[in-house]
Every structure is written in structure tokens, then in C-alpha cells.
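Engineer:
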Amino acid sequence: IPMEGVERFQNQLEIVDLIDTEDGGAITSKVKECIEKDPGAFEEEALVVEVSDDDDEEDSGEEIKVVSPETALIEARMRNIESEINMIGAIQKNLSGNYAGKVQGIMVGLVFIIIILSLFLFF
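Under this note's numbering, think of the first position of the sequence shown as 450, with each following residue one higher.
#1: Sort 476, 498 and 559 by Cα distance to residue 454 and report the nearest one.
#2: DSSP three-state call for residue 461: helix, strand or coil?
#3: Looking at the structure shown, is residue 470 part of a helix, part of a strand, or coil, going by DSSP?
#4: Check whether the Cβ of residue 483 sits closer than 7 Å to any heavy atom of the ligand SAH, and report yes or no.
#5: Closer than 8 Å by C-beta to residue 560: which residues in its own chain qualify, once you throw out the five before and the five after it? Chain order, please.
#6: Can you look up residue 545 in the DSSP assignment and give me helix, strand or coil?
#7: Take every Cβ of the stretch 483-492, pair it with every Cβ of the stretch 457-473, and state whether three or more of those distances are shorter than 8 Å.
#8: Beta-carbon separation of residue 528 and residue 496 under 8 Å?
Following this line, the structure appears as C-alpha cells:
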């Protein structure tokens, strides 16, 4: 965008500073004041800006970073280690659930045995 376009845009604006203003009445009065000052359409002719890609300058946008093979190998190994750690965690969850189930089964079995033996002894 050429500088004359930026200057023209700045001429069309009026900046109103209401930062740190918490009074609703002041804000409303400022908005009404801006509505009353509305000059209507801009009286100058429309500005046409042409955008083209045939610039001689290089685009300084984002560039693709070249990754060395060693860095790629290290990242791949880190991903493998992370997936192995996740698998070990899943296996440990399963084993702890199995152990808790075994302990619970043993306790329920002992309670039933005690109940049955007490029924035989007292009746």
C-alpha cells in the first residue's frame, strides 16, 4: 500500500481515547457525539491500489527450516521412546487393575467361607 493511501486512511479517522473509562454515561455521550459529527461519505475520489506478484524483491515470509539428518533421527528416536513410555503406562494400568481384582476376589472368597463355616458351626 503506498504511503498516500495510508495518509488518506488516517485523514478519514478520528481517534477517541476511552481507555480506563468505566463511566457508561461518558461512553454513551462520546458515541452520540461521534454519530452527530458523521461527515458522511469521503469527498475525494476512490483510491485504487493494484496488488501484483511481479516484485523483484525476495519474499521475506516464513522459510522452511532445513533439518539435518541427525536432528531428524534424534526426533524420531524421541517419538519412539515417548510411545514406548505410553505403552508401559498402559500395561501398568492393566496389571494394577488385575492385581486389585485378585485381592478383591480373595477378600470376597474369604468372607463367603467365613459365612458358610459360621452357618455350619452354629446351626
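Note that beta-carbon positions come from the ideal geometry of N, C-alpha and C, so glycine has one too.
This structure is a prediction, so every number in the text was calculated from the model and none was measured.
Structural biologist: So, to answer that:
#1: 498
#2: coil
#3: coil
#4: Absence of the ligand SAH from the depicted structure is noted, as is the absence of any ligand whatsoever, leaving it without description.
#5: If the five residues before and after residue 560 are omitted, its C-beta is found closer than 8 Å to no C-beta atom of its own chain.
#6: helix
#7: yes
#8: no
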